[in-house]
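**Student:** Questions regarding the structure given below will be posed in turn.
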Amino acid sequence: MSYLTELSDLVRLHARVQGLPGALCREILERIEHTDGEGPGSWCGEWALAADRMAGTGRHLDACKLNNLARFPFPANPAQERAAHRCVAQFDQWRSDRGGIDRLELELSGHRVPVWATGLDPGASRPLLLFIGGIVSVKEQWAPSLPAARKLGMAAVAAEMPGVGENPMTYDHDSWRMLSGLLDKISEIAPVREVYAVAMSFSGHLALRCAAHDPRLRGLVTVGPPVSAFFQDRTWWTGVPETTKRTLAHLLGIPKSEVPGRLDAFALRPDELARVKVPVYSVVSLRDEIIPSADTRLLERHLAKFKSIRFDDVHGSPGHVLRTKLWIVRSVLRLRTAGYSASFIKGFNG
Numbered sequence: 001m002s003y004l005t006e007l008s009d010l011v012r013l014h015a016r017v018q019g020l021p022g023a024l025c026r027e028i029l030e031r032i033e034h035t036d037g038e039g040p041g042s043w044c045g046e047w048a049l050a051a052d053r054m055a056g057t058g059r060h061l062d063a064c065k066l067n068n069l070a071r072f073p074f075p076a077n078p079a080q081e082r083a084a085h086r087c088v089a090q091f092d093q094w095r096s097d098r099g100g101i102d103r104l105e106l107e108l109s110g111h112r113v114p115v116w117a118t119g120l121d122p123g124a125s126r127p128l129l130l131f132i133g134g135i136v137s138v139k140e141q142w143a144p145s146l147p148a149a150r151k152l153g154m155a156a157v158a159a160e161m162p163g164v165g166e167n168p169m170t171y172d173h174d175s176w177r178m179l180s181g182l183l184d185k186i187s188e189i190a191p192v193r194e195v196y197a198v199a200m201s202f203s204g205h206l207a208l209r210c211a212a213h214d215p216r217l218r219g220l221v222t223v224g225p226p227v228s229a230f231f232q233d234r235t236w237w238t239g240v241p242e243t244t245k246r247t248l249a250h251l252l253g254i255p256k257s258e259v260p261g262r263l264d265a266f267a268l269r270p271d272e273l274a275r276v277k278v279p280v281y282s283v284v285s286l287r288d289e290i291i292p293s294a295d296t297r298l299l300e301r302h303l304a305k306f307k308s309i310r311f312d313d314v315h316g317s318p319g320h321v322l323r324t325k326l327w328i329v330r331s332v333l334r335l336r337t338a339g340y341s342a343s344f345i346k347g348f349n350g
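Rendered as structure tokens:
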């Protein structure tokens, strides 16, 4: 399979998640002939052209979504860098017109890390829902969900993994500490009662490690997180999609050939997983080409409160996007209900 074919298959999932029309995406993909540079026939050029047309008619959120795909899976050339900047600017325009979503820049380990937020009120203590994508998805992909969380009475923040989008931090085995740092900074802005995370794939791995160390994280919903075997099984690595290999090399700042040797330290140990006492809900794809099934078995074996839904599908379950979204929403509601019950019992007992 060529890199272009692989990229086209993977991007369909992200297009569906964003709610882009399938016919529009097929039309754009049919015009793409190569992944390099810009202009007609290029990956970035065709997605960006469609984005410009949307922006020209005032459809800023749709333009943002298309520029997200133009820079997908990460900015590898100047044209994709420009698309990434336009993605942020168009989301900023959309949320400014709509209201209710704020842009914050948080100081973390000497870096300014932008996030989108709603419901952070210094005078009100609310549960916090943290949205964070994986290694190829920017915060603008998830930030349109923030108002829905606000309607549930929650504050919410959309962030990015280190090295993804506007996050200038470097991805490494200690990147889970970024989540604790985010919570520290958010708590300086508004009181937070408890924290839940919707963390996709590789950010789910960060959230699992964070939950083993930070008691503020009270529950996790994830989709296909790597755990241990992904990082340590060299035979499995040979079959991992080229997109994943290139993206990890980009985030780690090393040549692709050096990536396997850097991954061992990322693996979660059984004793770490055993320290995760909070509920973990996961979407499992039975034909996942990125995450080995051994990683799901580790979660089943060592997590105290693990529940999953399984689809006969590839990574991210692109054929089950609606059911995945419903599972995520229901799981968040279960976590929130459990949080209210625990708070009530604690208050009742004095």
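Sequence positions in the sequence shown follow full-length UniProt numbering and run 1 to 350. Note that CB positions come from ideal geometry on N, CA and C, so glycine has one too.
Taking only runs that begin and end inside the region 137–212, name each unbroken alpha helix (DSSP H) of 4 or more residues, in chain order.
**Tutor:** For the region 137–212, whole alpha helix (DSSP H) runs of length 4 or above, ordered along the chain, are 139–142, 146–151, 176–189.
**Student:** Where are the alpha helix (DSSP H) runs, 4 residues long or more, that stay fully inside the region 235–288, in chain order?
**Tutor:** If we require 4 residues or more, the alpha helix (DSSP H) runs fully inside the region 235–288 come out as 242–252, 259–263, 270–274.
**Student:** Quick check on this structure: which residue in A63, K185, P122, P168 has the alpha carbon closest to the alpha carbon of R95?
**Tutor:** Along the sequence shown, one-based indexing puts residue 95 at 95. R95 has its Cα closest to that of A63, out of A63, K185, P122, P168.
**Student:** What are the boundary residues of the alpha helix (DSSP H) that includes L220?
**Tutor:** Stepping through the sequence shown from its first residue, residue 220 is reached at position 220. First-last for L220: 217–223, but that is the beta strand (DSSP E), not the alpha helix (DSSP H).
**Student:** Using three-state DSSP, classify A15 as helix, strand or coil.
**Tutor:** The sequence position of residue 15 within the sequence shown is 15, counting from 1. In the structure shown, A15 sits in a helix (DSSP, three-state: H, G or I).
**Student:** Out of Q93, K65, M200, which one is the CA nearest neighbour of A51?
**Tutor:** Residue numbering aside, residue 51 sits at position 51 when the sequence shown is read from its first letter. The shortest C-alpha separation from A51 is found at K65.
**Student:** Pop quiz: V259 and K245 are said to be a contact at Cβ under 8 Å. What is the actual Cβ separation, rounded to whole angstroms?
**Tutor:** As a working note, residue 259 is residue 259 in the sequence shown. As a working note, residue 245 is residue 245 in the sequence shown. Yes, they are in contact, since the Cβ atoms of V259 and K245 sit about 6 Å apart, within 8 Å.
**Student:** So, do the region 184–200 and the region 250–257 have three or more beta carbon pairs nearer to each other than 8 Å?
**Tutor:** Short answer: they don't touch.
**Student:** Within 10 angstroms of its Cβ, does D288 collect 16 or more other Cβ (buried), or is it exposed?
**Tutor:** The sequence position of residue 288 within the sequence shown is 288, counting from 1. Burial call: buried.
**Student:** Within the 8 Å Cβ cut-off, does G22 reach chain C?
**Tutor:** Structure shown: chain C not included; a single protein chain is present.
**Student:** How big is the Cα-Cα spacing for S203 and Q141?
**Tutor:** Numbered from its first residue, the sequence shown carries residue 203 at position 203. Numbered from its first residue, the sequence shown carries residue 141 at position 141. For S203 and Q141, the distance between alpha carbons rounds to 14 Å.
**Student:** Does I254 pass the burial test, meaning 16 or more other C-beta atoms within 10 Å, or should it be called exposed?
**Tutor:** On the sequence shown, position 254 is the one that residue 254 refers to. I254 comes out exposed.
**Student:** Let's test the definition: count the other Cβ atoms within 10 Å of the Cβ of M1 and tell me whether it reaches 16, buried, or not, exposed.
**Tutor:** Looking up residue 1 in the sequence shown gives position 1. Classification for M1: exposed.
**Student:** Do R209 and E272 have their beta-carbon atoms positioned less than 8 Å apart in this structure?
**Tutor:** Counting from 1 along the sequence shown, the entry for residue 272 is found at position 272. Counting from 1 along the sequence shown, the entry for residue 209 is found at position 209. Contact: yes.
**Student:** Quick check on the DSSP output: the beta strand (DSSP E) that includes F131 runs from which residue to which?
**Tutor:** Working through the sequence shown from its first residue, we reach residue 131 at position 131. First-last of the beta strand (DSSP E) with F131: 126–132.
**Student:** For G181, which residues in the same chain have their Cβ closer than 7 Å to its Cβ, ignoring the five residues on either side in sequence?
**Tutor:** Counting from one through the sequence shown, the residue named residue 181 turns up at place 181. Cβ within range, chain order: L108, S109.
**Student:** Measuring straight from C-alpha to C-alpha, what distance separates R86 and K139?
**Tutor:** In the sequence shown, the residue the question calls residue 86 occupies position 86. In the sequence shown, the residue the question calls residue 139 occupies position 139. So the alpha carbons of these two residues sit roughly 14 Å apart.
**Student:** Measure the Cβ-Cβ separation of P162 and M154 and say whether it is below 8 Å.
**Tutor:** Here residue 162 corresponds to residue number 162 of the sequence shown, with the count starting at 1. Here residue 154 corresponds to residue number 154 of the sequence shown, with the count starting at 1. Taking 8 Å as the Cβ cut-off, P162 and M154 do not qualify as a contacting pair.
**Student:** What is the residue span of the alpha helix (DSSP H) that H60 lies within?
**Tutor:** The residue labelled residue 60 in the question sits at position 60 within the sequence shown. Taken as a continuous stretch (DSSP letters only), the alpha helix (DSSP H) holding H60 covers 60–70.
**Student:** Using DSSP bridges, identify the partner residues of A117.
**Tutor:** Position 117 of the sequence shown, counting from 1, holds the residue named residue 117. Beta-bridge pairing links A117 to D102, V157.
**Student:** Kindly indicate the opening and closing residues of the alpha helix (DSSP H) around I28.
**Tutor:** Your numbering for residue 28 matches position 28 in the sequence shown. Looking at the DSSP string, the run of the alpha helix (DSSP H) that includes I28 is 22–31.
**Student:** Does DSSP put F74 in a helix, in a strand, or in coil?
**Tutor:** Position 74 of the sequence shown, counting from 1, holds the residue named residue 74. DSSP places F74 in coil when its eight states are reduced to three.
**Student:** Output needed for D121: all residues of its chain with C-beta closer than 7 Å, excluding positions within five of it in sequence on either side, in chain order.
**Tutor:** Translated into positions along the sequence shown, residue 121 becomes position 121. Cβ neighbours of D121 beyond the five flanking positions: A190.
**Student:** Secondary structure at K305, three-state DSSP: helix, strand or coil?
**Tutor:** What you label residue 305 is simply residue 305 of the sequence shown in a count that begins at 1. Coil at K305, not helix or strand.
**Student:** Considering only residues of the same chain and omitting the five flanking positions on each side of V88, which have a CB-CB separation below 7 Å?
**Tutor:** Along the sequence shown, one-based indexing puts residue 88 at 88. E140, E166.
**Student:** So, using beta-carbon positions, are G219 and L335 closer together than 8 Å?
**Tutor:** Taking the sequence shown and counting its residues from 1, the one referred to as residue 219 is at position 219. Taking the sequence shown and counting its residues from 1, the one referred to as residue 335 is at position 335. In contact: G219 and L335 (Cβ atoms closer than 8 Å).
**Student:** Which same chain residues end up closer than 6 Å to V280 when comparing Cβ atoms and leaving out the 5 residues on each side of it in sequence?
**Tutor:** Position 280 of the sequence shown holds residue 280. Cβ neighbours of V280 beyond the five flanking positions: L220, L303, F306.
**Student:** In the structure shown, what three-state DSSP assignment does L300 receive?
**Tutor:** Position 300 of the sequence shown, counted from the start, is the residue given in the question as residue 300. Going by the sequence as given, residue 300 is Glu instead of Leu. E300 falls in the helix class under three-state DSSP.
**Student:** Compute the Euclidean distance between the alpha carbons of E81 and I291, then round it to the nearest angstrom.
**Tutor:** Here residue 81 refers to the residue found at position 81 when the sequence shown is read from its first residue. Here residue 291 refers to the residue found at position 291 when the sequence shown is read from its first residue. So the alpha carbons of these two residues sit roughly 28 Å apart.
**Student:** What are the start and end residues of the alpha helix (DSSP H) that includes E46?
**Tutor:** Position 46 of the sequence shown, counted from the start, is the residue given in the question as residue 46. That run of the alpha helix (DSSP H) goes 43–56.
**Student:** Since E81 sits in a beta bridge, which residues does DSSP pair it with?
**Tutor:** Start at 1 with the first residue of the sequence shown, and residue 81 comes out as number 81. DSSP lists no partner for E81.
**Student:** Alpha carbon to alpha carbon, what distance is there between R301 and K325?
**Tutor:** The residue labelled residue 325 in the question sits at position 325 within the sequence shown. The residue labelled residue 301 in the question sits at position 301 within the sequence shown. Spanning the two alpha carbons is a distance of roughly 26 Å.
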